[in-house]
Amino acid sequence: MNAKALLLSLLLLPVAALAQAPVIQISGANFRPMPLAATAPLVQGEEAKASAQEVDEAFLYDLRASGIFQLLDRSSFLADPKEGMAAGSINFSRWADVGAESLVKYSLAQEGGELKAEARVFNVGTGREDFKTSQSAPTAEARQVAHKLADAIYRHFTREQSPFLSRITYVRKTGNTRDVWVADWDGRNAKQVTRGGINLLPSLGPDGAVGYTSYQQGEPEIYIRRPDGNTARVKTSEGQMATGISFSPDGKRIAYSLATGESTQIWVAEADGDKPKQLTDTRFGINTSPSWSPDGKRIAFVSNRGGSPQVYVMNADGSGVRRLTFQGNYNQTPDWSPRGDLIAFTARDERNAFDLFTVNVDSGKVTRLTQDQANNEEPSFSPNGRLILFTSTRDGTPRLFVMTADGNNQVALPGQEKAALLTPDWGR
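The sequence shown runs -19 to -1, 1 to 409 under mature numbering (1 follows the signal peptide of the UniProt record, and there is no 0).
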């Protein structure tokens, strides 16, 4: 490289770095949600109008539940509702008057069997268009357009993946029946996986496989349903009871609990259950709830080897066991953040209520996330580690909620039925 080219590259380097810098710094003590105004969609044609409400509902929920935006109430807007999407047609002073720092405008149109959307993001302070995106999906999957739009906007502001295109699994309790379901991240587009009996503790693999514990043969056994619809049982010996499957991040291994006689131990195996290996060995103890670290090198689990259920971590070969929680006498259901730094868990407090906490894997610092809202249990991190899915009885029946990883912005998933929804897991 000659001197002139080298000088030019050095001059351009800060500009390129600046272009990739996130607009919103999510991490750190100085984070605050960005005041964002999102207008109702400009609908083009009668065909698109039929899907507009469904799309708009999903779009607003994604933005609100993300935790990075302060979504402004549309009833406060002062601008003309018929204002266009071009910067020259927007009265930015009107948007500044309601406190907006960014403005999102989007349109919907239908072409053939496709629903198409275009969104534009404006900086209210400068009056400039910062970002534009176009997304589409089959008309029968209208909500996917909303999730794709929200995902593109989230990536623009954070330079990170959003959780809006991910899937969750959970148990739906109806009478004496407990069935496994899979749904979009917001609980919509739910599909039933099992039918009848007692099915518990579902887990989503990275390839879309669903593992769960079932009592269909009397004793608890683990089954895995593959994306092609085939279901297989994880092999165990007679007299052994398998529960609580957890897929490794690459999907090549599984961890689970195996009860034999008076002890319950953590085991790992290949994804099809072959080559099982016992990791823990406490003669009379209980070891349950395995959760993989994001690099697949360690496993968090619960053990009562110290006298009460506590969260421990160990290497994926069973070595290097280390106790992580020391506060409280009943800590359970650990879930390791995809970011690697935190493990979320359920703890019983001094009033015998269940609440959610995180513990820093390195320092052991414990942070409380929920309090004075009935029972809150079964945390599961989003794929980007920014949100936590959990169950709460704050409305009476156990329902699904999401919150930011620091416990803020607790929002119920929309459209939940009265049936109890239990033991959620967020696919990664």
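Just so you know, even glycine gets a beta-carbon here, dropped at the ideal spot from N, CA and C.
Taking C-alpha atoms, which residue in the options lies nearest to residue i?
i	options	result
Ser195	Tyr204, Asp188 and Pro187	Tyr204
Arg140	Gly65, Leu84 and Ile5	Ile5
Phe40	Arg286, Tyr193, Thr378 and Ala131	Ala131
Arg332	Asp353, Pro14, Thr224 and Val161	Asp353
Val392	Gly287, Phe382 and Ala171	Phe382
Ser57	Ala68, Asp343, Asp330 and Pro16	Pro16
Gln51	Ser70, Ala67 and Ala18	Ala18
Gly199	Gly301, Ala223 and Trp273	Ala223
Lys154	Thr241, Val163 and Ile179	Ile179
Ser218	Glu202, Val126 and Arg304	Glu202
Glu243	Gly225, Gly220 and Thr212	Gly220
Arg234	Val292, Ala401, Pro271 and Ser147	Pro271
Thr314	Gly210, Asp276, Ala281 and Gln308	Ala281
Arg13	Pro360, Gly277, Asp387 and Glu110	Asp387
Val302	Leu260, Val174, Asp111 and Arg349	Leu260
Arg286	Gly277, Gly266 and Val174	Gly266
Ile369	Phe338, Ala31 and Ala164	Phe338
Gly277	Ala236, Gly210, Gly254 and Asp253	Ala236
Arg367	Gln142, Gln25 and Arg109	Gln142
Can you find the residues in the same chain that come closer than 7 Å, C-beta to C-beta, to residue i, ignoring five residues on each side of it along the sequence?
i	result
Thr374	Ala355 and Asn356
Arg279	Val294, Met295, Asn296 and Ala297
Ala29	Leu89, Ala90, Gln91 and Leu96
Asp262	Gln246
Ala60	Asn72, Arg75 and Trp76
Val292	Ala281, Val283, Leu305, Thr306, Asn312, Pro315, Ile324, Phe326 and Val340
Asn310	Ser289
So, for residue i: in the same chain, excluding its five sequence neighbours on each side, which residues have a beta-carbon less than 8 Å away from its beta-carbon?
i	result
Pro187	Phe228, Pro230, Asp231, Gly232, Gly408 and Arg409
Lys399	Thr378
Ser238	Ala223, Thr224, Gly225, Thr245, Gln246, Ile247, Trp248, Asn268, Thr269, Ser270 and Pro271
Val36	Pro22, Leu89, Leu96, Ala98, Ala123, Arg124, Val126 and Ala127
Val191	Thr150, Val161, Val163, Val174, Pro183, Ser184, Leu185, Ile205 and Arg206
Gln397	Gly168, Arg380 and Leu381
Just to confirm, is the Cβ distance from residue i to residue j under 9 Å?
i	j	result
Thr20	Arg55	yes
Pro290	Pro319	no
Lys258	Gly299	yes
Tyr135	Asp43	yes
Ala328	Asn312	yes
Ser115	Ala127	no
Thr372	Val340	no
Leu181	Thr351	no
Gly345	Ser274	no
Leu185	Trp166	no
Val85	Val102	yes
Val161	Ile149	no
Could you pull out every residue in the same chain whose Cβ sits closer than 6 Å to the Cβ of residue i, ignoring the five residues on either side in sequence?
i	result
Pro208	Gly189
Gly48	Thr385 and Asn390
Trp317	Ser272, Ser274, Ala281 and Ile324
Thr212	Tyr204 and Arg206
Bridge partners for residue i per DSSP, in chain order?
i	result
Phe362	Ile369
Met384	Ile369
Gly277	None; Gly277 has no bridge partner.
Gln135	According to the sequence as given, residue 135 is Tyr; it is not Gln. Tyr135 is not bridged to any residue.
Lys154	Arg159 and Ala401
Ile49	BP columns for Ile49 are empty, so no partner.
Leu23	Ser88
Thr269	Val283
Thr194	Leu181 and Ile203
Leu17	Leu52 and Ser83
Tyr42	In the DSSP output, where bridge partners are listed per residue, Tyr42 has none listed.
Asp406	Thr150
Asp165	Arg148
Ile235	Phe228 and Ala250
Lys172	Val163
From residue i to residue j, what distance separates their C-alpha atoms?
i	j	result
Ser8	Lys216	43 Å
Thr120	Gly94	6 Å
Asn104	Glu27	31 Å
Pro395	Gly168	7 Å
residue 433	Gly156	What is shown of the chain runs -19 to 409, which leaves residue 433 out entirely.
Thr107	Ala133	21 Å
Gly69	Tyr87	16 Å
Met66	Glu122	25 Å
Ala(-4)	His137	A caution first: Ala(-4) carries a pLDDT of 39, below 50, which makes its placement in the model unreliable, though a value can still be read off. Taking the straight line joining both Cα atoms gives about 15 Å.
Ser117	Gln308	49 Å
Arg176	Pro144	28 Å
Leu53	Ala81	7 Å
Ala401	Arg264	36 Å
Gln197	Ala31	43 Å
Pro62	Ala33	16 Å
Glu358	Asp336	6 Å
Ala10	Val347	17 Å
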